[in-house]
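Residue numbers (this note's numbering): -18 to 328.
Written out below as structure tokens is the structure these notes cover.
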Amino acid sequence: MARPEIVQYVKSYREQGYALPQIRQALHSGGISDREIDEALVELGASRKLPALVYIIGGLGIAILLVALLYAYVASSPSQVPSLSIRLSPLSRDVVPGEQVSLVREVSRTGPGFAEVRISYTISGNGVQVVSSEEVLRVVTRESGVAALRLAKDAPPGQYVLLAQAKAGAQSSKASFTLTVKGEAPLAPGATVCPRSCDDFNPCTIDVCQEGDCAHHSISPCCGNGVCESGEQGGACEIDCRPVRFGQQEGPLLIKEQAITVARRSSQDGVALCRSLPRESDQDECLESVAKASSQSGVCLQVAAKKDRDSCLMDFVVQKDEFHLCDEIRDVWLKNSCVSYQRLKNV
């Protein structure tokens, strides 16, 4: 058992803030042995271990170091802020006035949900803008497709730049490429040349060429546009003026949704549901959706409207590289664009 006077002495000096080595030195000077000092320290609960304050300070230091390391890691990590980018792949860089400039555009973005991306296209050269166009896409992560701009017939030959500017909220991106407009041989006085086709793919217009320019004369009423117009009643156009029973207006939309769901298991069952729709335009829209949902390009061949059929096929060419479908595309301009895109991909 420790001597009470030594215990009291150690206790008094510790309360005054003296360190343990100082207390030992003072006790040694008074002739107190290490054994007696240790007994006093054990009785006071100090022993030879470091004071608790030292452990507390050390723990705080380690905690501060860990926090600093964590902050440095977070600060150096790449931020996941929303981003937007656009890429262009020209199908041809050489055009003549009056022809289309076709390109494949690919828009990519990061961020939650979807975004409406507005793309503005311009073709300019020698300080003059000769073409401008705009489209709006609904993009989740990636969207690609074919875009086309038609040059003016009086565009002078030379080098031009096609610039695409994509914007979604605060994010924006640009891409461009150069193209060459080649001149055509002058026509003999009074001679006119019509375009290869004046078809605007609108069943409600008559397409003609007048003095070298395409003209589109509206047909009214237009049977088959899905609108019951004046003059179509009384059996004149049953496809547009068929009596609508309660709930029939919602029918095509519900059947289309069912066809998309079924097509993920069986494209044939999805096609069968589409064929149950009374109007051909609704069937075509449904078949396009079934083709995409089932990833079966063959379904596109069952679409009746030429424009919608070709568009459906071109989507598979661009997104899945199914270049054999180029032979199935009927529109001459789009077929040429498809073949040019295949050559570009094979370079």
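Glycine residues also receive a C-beta, built at the ideal position from the N, C-alpha and C atoms.
Because the structure is a prediction, the values reported are computed rather than measured.
Bridge partner(s) assigned by DSSP for residue i
i	result
Gln191	Asp194
Ile104	Val112, Leu143
Thr186	Ser199
Ser70	Val85
Lys(-8)	For Lys(-8), which the question treats as bridged, DSSP gives no partner whatsoever.
Lys148	Arg99, Ser153
Gly126	Arg86
Phe158	Leu143
Arg119	Glu97
Reduced DSSP secondary structure (H/G/I, E/B, other) of residue i
i	result
Arg86	strand
Val243	helix
Leu258	coil
Ser292	helix
Leu8	helix
Leu282	helix
Asp75	strand
Val337	Absent from the structure is residue 337, since the part of the chain shown begins at -18 and ends at 328.
Leu132	coil
Ser64	strand
Asp15	helix
Val225	Low confidence applies here, because Val225 scores a pLDDT of 47, under 50, leaving its location unreliable and the question unanswered by this model.
Residue i classed as buried or exposed, judged by whether at least 16 other C-beta atoms fall within 10 angstroms
i	result
Gln110	exposed
Leu41	exposed
Ser28	Low local confidence applies: a pLDDT of 42 at Ser28 is under 50, so the model's placement there is unreliable, with the coordinate-based value given in what follows. With fewer than 16 other Cβ atoms within 10 Å, it is exposed.
Arg226	Summary for Arg226: the model assigns pLDDT 48, below 50, so the residue's position carries little reliability; its value from the coordinates is reported in the next sentence. Arg226 is exposed by the Cβ-count criterion.
Gln264	buried
Cys175	exposed
Glu80	buried
Ala133	exposed
Lys237	buried
Ser318	buried
Ser113	exposed
Gly106	buried
Gly251	buried
Asp308	exposed
Leu306	buried
Ala145	buried
Asp296	buried
Arg324	exposed
Ile187	exposed
Asp291	buried
Arg256	exposed
Pro259	exposed
Ser14	exposed
Val358	Coverage of the chain is limited to positions -18 through 328, which leaves residue 358 absent and any answer about it impossible.
Val98	buried
Lys30	At Lys30 the pLDDT is 46, less than 50, meaning the model places this residue with poor confidence and gives no usable figure here.
Pro233	buried
Ala240	buried
Arg16	exposed
Arg119	exposed
Arg311	exposed
Ser64	exposed
Residue-level contact to chain B via CB, residue i, 8 Å cutoff
i	result
Ser321	The chain inventory of the structure shown lacks chain B, comprising one protein chain alone.
Q) On the three-pair Cβ rule with 8 Å, is the segment 122 to 129 touching the segment 81 to 96? A) Taking a contact to require three or more Cβ pairs closer than 8 Å, the segment 122 to 129 and the segment 81 to 96 qualify as touching.
Q) Looking at C-beta atoms only, is the number of pairs between the segment 269 to 282 and the segment 235 to 246 that lie closer than 8 Å three or more? A) Yes, since at least three Cβ pairs between the segment 269 to 282 and the segment 235 to 246 fall closer than 8 Å, the two stretches touch.
Q.
Below 8 Å, how does it come out for the segment 18 to 26 and the segment -17 to 3: are there three or more Cβ pairs, yes or no?
A. Cβ pair count under 8 Å is three or more, so yes.
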